[in-house]
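Peer 1: Handing you a structure now.
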Ligand code: NAI
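Residue numbers (full-length UniProt numbering): 8 to 487.
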């Protein structure tokens with residue numbers, strides 16, 4: 008704690024650099040700035056105590072300061088051990104008017120290069136408010152904050168923390184350790200926290216999938232808004248965001264020429280489509296793997312070869328996973344890869360590539376090239392280059408998606424926070440989406456910012472296609 012602000016970041020010294028970047032990003036984030044103007048007088052988040060778990064980048068700094076300008080108190084952690092921009096984290100702690108000696112900003116618990124244990128410590132700190140309070144809102148990306156509260160409350164109800172099963176993910180094993188300590192110190196901490204939370208707004212596909220599973224089992228402890236499936240989120244951030252940041256991560260990590268190479272993209276959902284376009288844009292020859300015939304057919308009509316990984320792994324110069332699923336690239340696949348081929352993941356968790364298996368493999372050893380870039384050398388003499396230890400490489404090796412696309416995502420986040428904070432009693436413990444009219448509002452702001460000119464419907468045209476002149480313009484089942 009310094010100047011009354013609690014924090015755990017790498018260093019406050021780069022705060023001025025971070026502030027300059029935030030200032031430039033604000034100009035590129037018209038959605039968030041429009042919301043700041045719209046609610047300047049009203050402060051709809053006054054009284055909100057938001058615990059946020061989302062990549063602590065420059066763009067997230069603009070989100071955090073938007074929530075604060077709308078009246079919220081905020082605490083923050085990153086949702087990935089490599090994704091923090093240390094200058095942005097410092098600037099948020101220092102705040103727009105503070106100094107490193109006298110910070111006046113927001114408590115942040117995040118630095119680039121946390122260990123998994125440090126990661127859960129940061130998440131726990133972010134969810135622990137001064138005094139006897141908990142958060143009353145959660146803003147989540149990937150669902151780890153929501154997971155900690157739910158696992159905590161479940162263990163407290165049982166009065167015991169279970170021993171991890173062998174096949175539990177490593178991250179769950181770490182939380183169980185964290186919970187064992189917390190159960191001893193305060194046996195109702197997470198039950199109270201869960202009871203005080205009015206709702207969670209979830210950023211990404213993987214976190215949303217977790218929420219629907221909790222809701223289906225009747226175990227969701229508070230209402231949730233699925234921000235990912237706002238059209239102006241997943242059809243933009245996941246696709247156009249990755250189109251920008253995937254190639255950025257590959258370039259900064261390896262500086263290898265992508266043109267002319269064979270690149271395999273596993274998964275052709277929203278992220279896969281952006282990844283394929285990113286690599287095709289550099290004129291790689293792109294091959295897609297898919298389980299879903301609809302996505303596979305889309306890939307083929309977009310001009311890509313569709314194949315099984317087994318059939319093409321030994322031709323690939325670059326392999327990128329985007330599935331949100333596990334065990335996509337196995338150690339056997341890696342052994343068959345070309346010498347110095349590049350392997351990376353942009354799906355949310357690091358189990359798409361069998362990193363645990365690679366670490367255990369007796370015939371592979373790691374040579375650290377630089378942070379977040381490892382050469383894994385096999386006894387065969389061949390080696391592969393693994394980016395960000397199999398975690399989100401666009402955030403680990405680069406700085407994630409650019410501001411403009413995150414403006415649309417975070418405008419949805421902000422609207423969702425206001426909605427659940429102010430109207431939580433209208434919601435059950437289920438997963439909801441924002442109404443289409445708000446999606447159109449977010450899109451309209453960004454069309455205007457880019458200088459686009461929208462055509463206006465005439466009253467007669469509106470009646471002819473049976474919509475309102477002011478929107479929404481599409482039925483809910485429309486897929487864009
Ligand atoms: P999605 O559901 O649209 O796409 C995933 C695709 O992978 C689906 O088409 C599915 O059929 C396919 N798939 C599943 N198992 C497969 C397998 N064994 N082999 C080949 N394909 C398989 O999901 P979306 O929105 O594209 O997200 C994917 C992941 O990326 C999620 O974990 C999400 O949270 C994450 N994400 C990462 C971002 C980043 O900045 N790196 C940004 C947004 C999302």
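Think of the CB as a built atom: it goes at the ideal place given N, C-alpha and C, for glycine as much as any other residue.
Taking Cβ positions, are residue 394 and residue 380 nearer each other than 8 Å?
Peer 2: Counting from 1 along the chain shown, the entry for residue 394 is found at position 387. Counting from 1 along the chain shown, the entry for residue 380 is found at position 373. Yes. Within cutoff.
Peer 1: Is residue 413 near residue 36, with beta carbons less than 8 Å apart?
Peer 2: To locate residue 413, count along the chain shown from 1; it is residue 406. To locate residue 36, count along the chain shown from 1; it is residue 29. Yes. Within cutoff.
Peer 1: Nearer than 7 Å: is that true of the beta carbon of residue 488 relative to any heavy atom of the ligand NAI?
Peer 2: Coverage of the chain is limited to positions 8 through 487, which leaves residue 488 absent and any answer about it impossible.
Peer 1: Compute the Euclidean distance between the alpha carbons of residue 477 and residue 458, then round it to the nearest angstrom.
Peer 2: As a position in the chain shown, residue 477 is number 470, starting the count at 1. As a position in the chain shown, residue 458 is number 451, starting the count at 1. Each residue's Cα considered, the two are about 20 Å apart.
Peer 1: First and last residue of the alpha helix (DSSP H) that includes residue 216?
Peer 2: Against the chain shown, residue 216 aligns to sequence position 209. Taken as a continuous stretch (DSSP letters only), the alpha helix (DSSP H) holding residue 216 covers 212-223.
Peer 1: Touching or not, the region 255-271 and the region 239-247, by the rule of three or more beta carbon pairs under 8 Å?
Peer 2: Touching, no.
Peer 1: Tell me whether residue 146, by its Cβ, gets closer than 7 Å to a heavy atom of the ligand NAI.
Peer 2: As a working mapping, residue 146 is identified with position 139 in the chain shown. Residue 146 Cβ: outside cutoff for every heavy atom of the ligand NAI.
Peer 1: For a test of the three-state rule: what should DSSP assign to residue 87, helix, strand or coil?
Peer 2: For the purposes of this step, residue 87 is identified with residue 80 of the chain shown, where counting begins at 1. The answer is coil: DSSP assigns residue 87 none of H, G, I, E or B.
Peer 1: In the DSSP assignment, the beta strand (DSSP E) including residue 377 goes from what residue to what residue?
Peer 2: For this step, residue 377 is matched to residue 370 along the chain shown. 371-377 is the extent of the beta strand (DSSP E) around residue 377.
Peer 1: Is the number of C-beta pairs between the region 362-381 and the region 409-424 that are closer than 8 Å three or more?
Peer 2: Cβ pair count under 8 Å is below three, so no.
Peer 1: Which stretch, first to last residue, makes up the alpha helix (DSSP H) that contains residue 258?
Peer 2: On the chain shown, position 251 is the one that residue 258 refers to. It spans 249-261 - the alpha helix (DSSP H) in which residue 258 sits, taken as one unbroken run.
Peer 1: Let me check understanding here. Comparing Cα to Cα, which of 229, 164 and 42 lies closest to residue 427?
Peer 2: As a first step, residue 427 must be located in the chain shown, where it is residue number 420. When only C-alpha atoms are compared, the closest one is 229.
Peer 1: Give me the residue from 85, 274 and 330 with the minimum Cα distance to residue 311.
Peer 2: To locate residue 311, count along the chain shown from 1; it is residue 304. It is 274 whose Cα lies nearest to the Cα of residue 311.
Peer 1: Looking only at DSSP bridge pairs, what is residue 4 linked to?
Peer 2: Only positions 8 to 487 of the chain appear in this structure, which leaves residue 4 out of reach.
Peer 1: Identify whether residue 416 lies in helix, strand or coil by the three-state DSSP scheme.
Peer 2: For the purposes of this step, residue 416 is taken as residue 409 along the chain shown, with counting starting at 1. Residue state, collapsed to three classes: helix.
Peer 1: For residue 204 and residue 151, I'd like the C-alpha separation in whole angstroms.
Peer 2: Along the chain shown, read from residue 1 onward, the residue named residue 204 stands at position 197. Along the chain shown, read from residue 1 onward, the residue named residue 151 stands at position 144. Between residue 204 and residue 151, the C-alpha separation is close to 15 Å.
Peer 1: Work out the CA separation of residue 372 and residue 386 for me, nearest whole Å.
Peer 2: As a first step, residue 386 must be located in the chain shown, where it is residue number 379. As a first step, residue 372 must be located in the chain shown, where it is residue number 365. Using only the alpha carbons, I get a separation of about 8 Å.
Peer 1: From which residue to which residue does the alpha helix (DSSP H) around residue 130 run?
Peer 2: Residue numbering aside, residue 130 sits at position 123 when the chain shown is read from its first letter. Start and end: 123-134.
Peer 1: Please tell me whether residue 329 and residue 288 are closer than 8 Å, where the distance is taken between their beta carbons.
Peer 2: Translated into the one-based positions of the chain shown, residue 329 becomes position 322. Translated into the one-based positions of the chain shown, residue 288 becomes position 281. Contact: no.
Peer 1: How about the region 62-80 and the region 21-37: do they share at least three Cβ pairs that are nearer than 8 Å?
Peer 2: The region 62-80, when compared against the region 21-37, does touch it at the 8 Å Cβ threshold.
Peer 1: Tell me, which residues are paired with residue 209 by DSSP?
Peer 2: Stepping through the chain shown from its first residue, residue 209 is reached at position 202. In DSSP, residue 209 forms a bridge with 147 and 233.
Peer 1: Can you check which of these residues, 49, 347, 377 and 406, is closest to residue 384 by C-alpha distance?
Peer 2: As a first step, residue 384 is located in the chain shown; it is residue number 377 there, counting from the start. Selected option, being the one with the closest Cα: 347.
Peer 1: With distances taken Cα to Cα, identify the nearest neighbour of residue 216 among 82, 202, 235 and 199.
Peer 2: The residue you call residue 216 lines up with position 209 of the chain shown. Measuring from the Cα of residue 216, the nearest candidate turns out to be 235.
Peer 1: Using only CA atoms, which one of 168, 138 and 210 lies nearest to residue 420?
Peer 2: Sequence index remark: in the chain shown, residue 420 carries index 413 (1-based). Of the listed residues, the one whose Cα sits closest to residue 420 is 210.
Peer 1: CB-CB under 7 Å to residue 105, same chain, minus the five flanking residues each way: which ones, in chain order?
Peer 2: As a working mapping, residue 105 is identified with position 98 in the chain shown. Once the five neighbours on either side are set aside, the close Cβ partners of residue 105 are 10, 111 and 112.
Peer 1: Threshold first: 3 residues or longer. Then list the beta strand (DSSP E) segments lying entirely within the region 308-334, N to C.
Peer 2: 325-328, all fully within the region 308-334.
Peer 1: What are the start and end residues of the alpha helix (DSSP H) that includes residue 450?
Peer 2: Position 443 of the chain shown, counted from the first residue, corresponds to residue 450. Residue 450 -> alpha helix (DSSP H) spans 443-456.
Peer 1: Give me the residue from 325, 306, 281 and 299 with the minimum Cα distance to residue 264.
Peer 2: Translated into positions along the chain shown, residue 264 becomes position 257. It is 325.
Peer 1: For residue 497, which residues from the same chain have a beta carbon less than 6 Å from its beta carbon, with the 5 sequence-adjacent residues on both sides left out?
Peer 2: As shown, the chain starts at 8 and ends at 487. That puts residue 497 outside it, with no answer to give.
Peer 1: Mind checking whether the beta-carbon of residue 299 lies closer than 7 Å to any heavy atom of the ligand NAI?
Peer 2: In the chain shown, counting from the first residue as 1, residue 299 sits at position 292. Under cutoff, so the answer is yes.
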